[in-house]
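Comments concern the structure below.
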Amino acid sequence: MKFGKSLSSQIEETLPEWRDKFLSYKELKKKLKLIEPNSGERPNKRVKLDGNSGDVAGAGDKVGVFNGDGMSTEETDFIKLLENELEKFNTFFVEKEEEYIIRLKELQDSVAKAKDCSEEMIRIRKEIVDFHGEMVLLENYSALNYTGTSAVLISFCLFA
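In UniProt numbering, the protein residues as written are 1 to 160.
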């Protein structure tokens with residue numbers, strides 16, 4: 001099974017509120033297909049994005065610049081979309097990580113308070129198991145986005 005189909009099926013199986021937070025692999029691949037492959041030349045290209053706007057540094061309306069080499073509009077569009085996607089899933093991950101740090105502290109406090117109450121400890125243990133499951137989902141989310149980003153970047157290197 002191709003990665004794109006595998007990613008789509010895994011997204012369908014995840015939490016509904018997370019689905020739009022994954023890498024838009026299909027959109028990136030569409031943008032990538034619009035880029036015309038270079039002839040056999042393989043100059044060492046490095047993109048420099050303007051940190052404030054997400055634009056390619058030195059880019060005009062139609063053409064960006066890679067160390068003096070011309071960059072097509074399609075390449076610029078691809079890079080902007082990739083930057084937006086990276087920001088999207090990184091922001092989501094950081095927000096979840098912060099939530100989980102707070103939740104862990106709350107669970108630790110609950111355990112400390114409920115030492116002598118076995119019924120309360122059983123309830124807290126169930127919460128800990130659920131919490132662990134959510135952390136595993138976040139780990140899987142991270143791995144899928146990393147793999148998708150790597151696949152897209154490898155394809156970009158082959159095209160550009």
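C-beta atoms are modelled at their ideal positions from N, C-alpha and C, and glycine is treated no differently.
Close Cβ partners of residue i (< 6 Å) along its chain, the five nearest in sequence each way excluded
i, result
"Ile11", "Arg19 and Phe22"
"Tyr25", "Gly4, Leu7 and Gly148"
"Lys117", "Sequence check: residue 117 is Cys here, not Lys. Once the five neighbours on either side are set aside, Cys117 has no close Cβ partner at all."
Contact set for residue i: own chain, Cβ-Cβ below 8 Å, skip 5 residues either direction
i, result
"Leu107", "Ile124, Glu127, Ile128 and Phe131"
"Asp109", "none"
7 Å CB neighbourhood of residue i in its chain, flanking five on each side removed
i, result
"Lys96", "Leu138"
"Lys88", "Lys21"
"Met135", "Tyr100"
"Asn145", "Phe22, Leu23 and Phe89"
Cβ-Cβ separation, residue j to residue i (assumed contact under 8 Å), whole Å
i, j, result
"Pro37", "Phe159", "5 Å"
"Phe78", "Leu32", "6 Å"
"Ser150", "Phe93", "Not quite, the Cβ-Cβ distance comes to about 16 Å (not below 8 Å), so this is no contact."
"Ile35", "Ser72", "7 Å"
C-beta contact flag for residue i and residue j at 8 Å
i, j, result
"Glu74", "Leu28", "no"
"Glu120", "Ala114", "yes"
- Counting pairs of Cβ atoms below 8 Å between the segment 125-142 and the segment 90-103, do you hit three or more? Cβ pair count under 8 Å is three or more, so yes.
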